[in-house]
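Trainee:
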Amino acid sequence: MVVLSKPAIEQFSMVKPCKGGGAFPPGVGVPLIDLSLPDAKHHLVKACEEFGFFKVVNHGVPTEFITRLESQAVKFFSSPLSNKENAGPPDPSGYGNKKIGPNGDIGWVEYILLSPNDLDFDYHRFSSVVGLSPEMFRGAVNDYVTAVKRMACEILELMAEGLKIHPKNVFSRLLMDEESDSMFRVNHYPPCPEHQEMNGRNLIGFGEHTDPQIISVLRSNNTSGLQISLKDGCWISVPADQSSFFINVGDSLQVMTNGRFKSVRHRVLTNSRKSRLSMIYFGGPPLSEKIAPLPSLMEGGEDSLYKEFTWFEYKNSVYKSRLADNRLVLFQKIAAS
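For the sequence shown, numbering that gives the first Met the number 0 begins at 0 and goes up steadily by one.
#1: According to DSSP, what are the bridge partners of residue 279?
#2: Assign residue 262 to one of two classes, buried (16 or more other C-beta atoms within 10 Å of its C-beta) or exposed (fewer than that).
#3: If you measure between the beta carbons of residue 93 and residue 100, is that distance less than 8 Å?
#4: Checking 8 Å against the spacing of the C-beta atoms, do residue 275 and residue 228 come in under that value?
#5: So, is residue 305 buried or exposed, given that buried needs 16 or more other C-beta atoms within 10 angstroms?
#6: For residue 170, which of 149, 202, 183 has the nearest alpha-carbon?
#7: Going residue by residue through the region 122–208, where are the continuous beta strand (DSSP E) segments of at least 3 residues, counting only ones entirely within it?
#8: Is residue 180 buried or exposed, if buried means 16 or more other CB atoms sit within 10 Å of its CB?
#9: Tell whether a beta-carbon distance below 8 Å holds between residue 225 and residue 244.
#10: Taking residue 77 as the reference, which of 320, 158, 259, 187 has the closest Cα?
#11: Exposed or buried, what is residue 319 when buried is set at 16 or more other beta-carbons lying within 10 Å of its beta-carbon?
#12: Could you check which residue in 256, 238, 206, 115 has the C-alpha nearest to that of residue 337?
#13: What does DSSP give as the partner residues of residue 53 in its beta bridges?
#14: Of the choices 213, 67, 291, whose alpha-carbon is the least far from that of residue 141?
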């Protein structure tokens, strides 16, 4: 697949691998949650506390929804750059290339960003400029997002049960609300052979960050590149797995659990030989929703670590920040441990 326009490679950020090869410590790996098992809720809570990240199987998302949307995305990104640029910019929906946000962050990535609440988005124009059927593309997106959203809500309800919170839809109702401010993103990272010659350093496809929403659901093709940061700050590579979904705890969920769940810091490195294609559903609350630690999680008299804010306020703050910023620090009452 091609193509990114190619400015000087020196404009992009590079990193050195962690000591020890960037692998999980012996006996430790990505937490694996089987959603069909009765004890899934307990494993979910533990994974959210220790990593803020886990992998799920028996997720219920039909394989045909995944393959159909991935096929549409491959066709889109294989189109000439001039055609793709006619499908942009992402405002809020559309095509983007290299530029991530408004504040100078760039990556070796091109992407499609879609907002379910963007009623003015012209699917016909977006799809037709690259030769796709608007009906097929929109149908593939809707089927996939609906199935993934259903799975995300199931996971959030299992989290609530694991935390012994009532009602169990305390998190999931925010995604189910018709005014939920959720986003869907498809990222394409073209291969970058040049990074093999950079003294062992890796080119960053998407810089380190946390996701500001409640929960993120990621699926990618069988190409490595995703890394998460452990508590000691070391970056660990996540083995590729195209049949499972990866789940990120977002900043808003960290706040609602008063820091008990950790919003995971993550990034993507380029691959020298293979394209990476990832599809991410970001489950967000309505813009007017007030985000604050849940009283039921502070019945022991613990202090709230965060000031109350609306999702609109936090989203605006995130938009003004850089990718790597600690965005929650402006909303902390006291230092989170």
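We put the beta carbon where it would ideally sit given N, CA and C, even for glycine.
Mentor: Here's the rundown:
#1: 184, 217
#2: buried
#3: no
#4: no
#5: buried
#6: 149
#7: 182–188, 201–208
#8: buried
#9: no
#10: 187
#11: exposed
#12: Residue 337 lies beyond the range of the chain shown here (0 to 336); nothing can be said about it.
#13: 246
#14: 67
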